[in-house]
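First comes the structure, then the notes that go with it.
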Amino acid sequence: MSYRIPFNRPCLAGNEYKYIADAIANGHASGDGPFTRRCHEFLERELKAPRALLTTSCTHALEMAALLLECGPEDEVIVPSFTFVSTANAFALRGARLVFADVRPDTLNLDERLVESLITPRTKAIVVVHYAGVPCEMDTILAIAARRGVRVVEDNAHALFARYKGSYTGTLGCLAAQSFHETKNFTCGEGGALMVNDPEFVERALVIREKGTDRSRFFRGEVDKYTWVGLGSSYLPSDLLAAFLLAQFEARETVQEKRRRIWHRYYESLSGWAESNDVRMPVIPADCEQAYHMFYLLLPSREDRDALISLLKSESILSVFHYTPLHLSAAAKKYAAHSSSCPVTEDVSERLLRLPFYTDLSRDEQEHVTSTVMRFRFRSSIRQAS
Ligand SMILES: Cc1ncc(COP(=O)(O)O)c(C=O)c1O
1 MSYRIPFNRP CLAGNEYKYI ADAIANGHAS GDGPFTRRCH EFLERELKAP
51 RALLTTSCTH ALEMAALLLE CGPEDEVIVP SFTFVSTANA FALRGARLVF
101 ADVRPDTLNL DERLVESLIT PRTKAIVVVH YAGVPCEMDT ILAIAARRGV
151 RVVEDNAHAL FARYKGSYTG TLGCLAAQSF HETKNFTCGE GGALMVNDPE
201 FVERALVIRE KGTDRSRFFR GEVDKYTWVG LGSSYLPSDL LAAFLLAQFE
251 ARETVQEKRR RIWHRYYESL SGWAESNDVR MPVIPADCEQ AYHMFYLLLP
301 SREDRDALIS LLKSESILSV FHYTPLHLSA AAKKYAAHSS SCPVTEDVSE
351 RLLRLPFYTD LSRDEQEHVT STVMRFRFRS SIRQAS
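For the sequence shown, counting from 1, position 235 maps to 235 in the numbering used here; every step adds exactly one.
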């Protein structure tokens with residue numbers, strides 16, 4: 001079914017087709033060509049990061065992180081329950097046991113106050129997710145991790161260009177994963193990047209990304225042929241995708257400015273309505289700059305959330321919800337270290353609704369969304385009136 005206002009719409013920044021044509025003319029369509037190099041340089045320069053490596057997805061960047069940390073069946077990895085499956089699945093694939101943590105009720109980020117109590121002698125890593133492009137409380141998490149000898153990996157899928165106390169997210173953990181999936185601020189359809197912030201991992205990351213071979217050393221002239229040297233897979237994207245992505249990166253300022261305006265228009269037009277109807281809006285801590293990735297509402301009840309999705313659908317507007325709690329999933333029964341109690345995750349996953357959000361969402365489209373939202377009749381008030 002197609003919607004007048006879809007939840008997401010791929011948006012062109014300008015030079016995508018030209019760059020893809022250039023990539024073909026260059027005669028280099030496979031991975032690690034000139035456009036991939038330019039994407040790496042862009043990420044390293046803009047984020048002030050030591051090393052960026054494009055990958056085929058954020059999921060694959062997380063899998064690379066699990067391989068680099070040598071996670072195995074003896075290890076536990078702490079992950080938020082309120083996240084996309086890849087955050088957890090990447091580590092379960094290596095045999096690690098997952099420890100699910102609850103999230104903070106305000107930002108819906110991993111609750112840093114719970115982390116220390118979840119660490120055991122088996123804990124290898126804490127994976128943080130900067131939910132909705134709003135940074136986690138990193139000082140506390142990094143201090144606990146350093147004290148307890150545990151690595152921190154950032155799932156930065158939502159948060160490219162967010163800042164925590166002035167530093168970009170994606171540069172704070174030893175490794176970080178970016179997503180360029182079509183729903184993200186910058187996209188090539190499916191894509192990602194691994195940020196290698198600890199230089200100790202660079203050489204092995206290059207091997208893992210290149211099917212377990214030392215091909216990158218061969219290209220640097222350091223060996224006369226490349227061979228199989230360790231575990232790896234095919235994690236590098238085609239230069240055609242990198243060409244598309246570079247065009248999006250080059251429009252960084254315009255894209256982020258458009259998304260900033262959309263986010264604030266939602267916030268300002270809905271805040272009075274939200275306050276008088278017990279609807280919670282996103283919370284951005286004072287020391288954080290968000291990435292303007294999404295706009296969500298927390299409705300008073302699941303009934304209200306589902307009824308608002310239906311009302312929007314009747315106006316041909318697609319709104320969606322996520323995530324179903326990972327600690328309650330069928331896979332958690334197999335891959336969790338033990339059962340967990342995550343009451344905040346369970347509560348918000350029933351009440352959260354995401355409004356349409358894409359870079360070219362027009363003012364008229366957005367007004368149609370907000371006016372429809374504001375004529376919603378809450379189930380709770382219907383109950384009170386009857
Ligand atoms: C928090 C989070 N992590 C990881 C992913 C996976 O990203 P990708 O589709 O690039 O593999 C997503 C996807 O939306 C996500 O929301």
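In this text, a Cβ means the ideal position worked out from N, Cα and C, and glycines have one as well. Note that this is a predicted model, so its numbers are computed, not measured.
Using the Cα positions of Q178 and L246, report the straight-line distance between them to the nearest angstrom.
-> Straight-line measurement puts the Cα of L246 at about 15 Å from the Cα of Q178.
Report the three-state DSSP secondary structure of Q290 (helix, strand or coil).
-> Secondary structure at Q290: coil, using DSSP grouped into helix, strand and coil.
Which value, in whole angstroms, describes the spacing of the CA atoms of S386 and A125?
-> In this predicted model, S386 has a pLDDT of only 44, less than 50, meaning its place in the structure is not dependable; the value taken from the coordinates is given anyway. Roughly 52 Å separates the two Cα atoms.
Around the C-beta of I141, are 16 or more other C-beta atoms found within 10 angstroms, so that it is buried, or is it exposed?
-> Flag for I141 reads buried.
Any heavy atom of ligand 1 closer than 6 Å to the CB of V129?
-> At least one heavy atom of ligand 1 is nearer than 6 Å to the Cβ of V129, so yes.
Verify the contact flag: A157, CB atom, against every heavy atom of ligand 3, threshold strictly below 6 Å.
-> Ligands present in the displayed structure are limited to ligand 1, and ligand 3 is not among them.
What are the start and end residues of the alpha helix (DSSP H) that includes A307?
-> R302 to S314 is the span of the alpha helix (DSSP H), which, as asked, contains A307.
With 16 other CB atoms within 10 Å as the buried threshold, where does V129 fall?
-> Burial call: buried.
Just curious, the alpha helix (DSSP H) that V373 is in, first and last residue?
-> Looking at the DSSP string, the run of the alpha helix (DSSP H) that includes V373 is R363 to M374.
How about S2: is its Cβ closer than 6 Å to a heavy atom in ligand 1?
-> No, since every heavy atom of ligand 1 falls outside the 6 Å radius drawn around the Cβ of S2.
Own chain residues within Cβ distance below 8 Å of N109, not counting five before or after | So the list reads P80, V103, V128, V129, H130, Y131, V134, P135, C136 and E137, once near-sequence residues are dropped.
Taking the C-alpha atoms as reference points, what is the distance between G95 and T59?
-> One Cα belongs to G95, the other to T59, and the distance between them is close to 16 Å.
If you draw a straight line from the C-alpha of I242 to the C-alpha of W273, how long is it?
-> Note that residue 242 is Ala in the sequence shown here, rather than Ile. A242 and W273 have their C-alpha atoms roughly 42 Å apart.
According to the neighbour-count rule (16 or more other Cβ atoms, all chains shown, within 10 Å of its Cβ), is K184 buried or exposed?
-> Here K184 is buried: its Cβ has 16 or more other Cβ atoms, across all protein chains shown, within 10 Å.
Reference L12, options D360, D364 and A146, closest by Cα = Residue nearest to L12 within the set D360, D364 and A146 is D360 (criterion: CA-CA distance).
Sorry if obvious, but does the Cβ on G58 come closer than 6 Å to a heavy atom of ligand 1?
-> Note that residue 58 is Cys in the sequence shown here, rather than Gly. Yes, Cβ of C58 sits closer than 6 Å to a heavy atom of ligand 1.
Does DSSP classify F219 as helix, strand or coil?
-> Note: F219 maps to helix in three-state DSSP.
T83 Cβ short of 6 Å to ligand 1 heavy atom set = Answer for T83: yes, Cβ within range of ligand 1.
With a CB to CB cut of under 7 Å and the five nearest residues on each side skipped, what residues in its chain are close to I262?
-> Within the same chain, I262 has close Cβ partners F357, L361 and Q366.
Give every residue of the same chain whose Cβ lies closer than 7 Å to the Cβ of V229, excluding the five residues on either side of it in the sequence, and list them in chain order.
-> Hits under 7 Å: V207, G212, T213 and D214.
Opening and closing residue of the beta strand (DSSP E) in which G272 lies | G272 -> not in any beta strand (DSSP E); alpha helix (DSSP H) instead, spanning R252 to S276.
Okay, do the stretch 322-334 and the stretch 216-229 touch, 3+ Cβ pairs below 8 Å being the bar?
-> In the pairwise beta carbon analysis, the stretch 322-334 is classified as not touching the stretch 216-229: fewer than three pairs are separated by under 8 Å.
Pick from A61, V344 and H322: whose alpha carbon is nearest that of T83?
-> For the residues A61, V344 and H322, the minimum Cα distance to T83 belongs to H322.
Determine the DSSP secondary structure at M138, reduced to helix, strand or coil.
-> DSSP, read as helix, strand or coil, puts M138 in helix.
Using the C-alpha atoms, what's the distance from P325 back to R375?
-> Cα to Cα, R375 sits roughly 30 Å from P325.
Could you please give me the residues that DSSP links to T55 through a beta bridge?
-> The partner list for T55 (beta bridge, DSSP) reads G192.
Determine the closest residue to P115 out of R354, C342 and F378, with distance taken between C-alpha atoms.
-> Checking the displayed sequence, the identity of residue 115 turns out to be Val instead of Pro. Per the C-alpha coordinates, the member of R354, C342 and F378 positioned closest to V115 is C342.
K313 versus E275 - alpha carbon distance | C-alpha of K313 to C-alpha of E275: approximately 24 Å in a straight line.
By Cβ distance, which residues of its chain are closer than 7 Å to R302, with the 5 residues on each side in sequence left out?
-> E350 and R351, listed in sequence order.
Whole-angstrom C-beta distance between G192 and T55, which should lie under 8 Å | Sure, about 4 Å apart at Cβ, within 8 Å.
How is G133 classed by DSSP in three states: helix, strand or coil?
-> In this structure, G133 counts as helix in the three-state DSSP scheme.
DSSP three-state assignment for S100, whether helix, strand or coil = As written in the sequence, residue 100 is Phe, which differs from the Ser given in the question. Judged by DSSP in its simplified three-state form, F100 adopts strand.
Could you tell me whether any non-hydrogen atom of ligand 1 is closer than 6 Å to the CB of T140?
-> No, the beta carbon of T140 sits no closer than 6 Å to any heavy atom of ligand 1.
Determine the DSSP secondary structure at A385, reduced to helix, strand or coil.
-> Note that A385 scores 48 on pLDDT, short of 50, meaning its location in the model is unreliable; the coordinates nonetheless yield the value given after this. Per DSSP, reduced to three states, the secondary structure at A385 is helical.
Taking S216 as the reference, give the member of A286, D32, A159 and Y292 with the closest Cα.
-> It is D32.
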